[in-house]
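Here is the structure we will look at.
Residue numbers (the numbering used here): 5 to 64.
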């Protein structure tokens with residue numbers, strides 16, 4: 005499914021959901037949705053913590 009087909013499927017889903025279902029969906033997206041760190045994120049955080057402990061300072 006390409007991006008345009010995905011958007012169409014989401015629109016169709018939203019158009020067929022009742023008001024209560026939309027409220028639940030909105031709550032899930034904006035309140036309950038949790039972003040999970042990837043392995044790369046964890047490595048970057050660990051590297052940053054180590055740099056802080058070593059007194060290193062890097063500017064982006």
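Built from N, CA and C at the ideal position, the CB exists for glycine as well. What you are looking at is a predicted structure, and each value in this text was computed from that prediction instead of being measured.
Check your understanding: How long is the line joining the alpha carbons of residue 19 and residue 41, rounded to whole angstroms?
Key -> 32 Å
Check your understanding: For residue 26, which residues of its own chain have a beta-carbon under 8 Å away from its beta-carbon, when the five flanking residues on both sides are left out?
Key -> 18
Check your understanding: What is the DSSP secondary structure of residue 41, reduced to helix, strand or coil?
Key -> Coil at residue 41, not helix or strand.
Check your understanding: Who are the near neighbours of residue 49 in its chain, counting only those whose CB is closer than 8 Å to its CB and skipping five residues on each side?
Key -> 41
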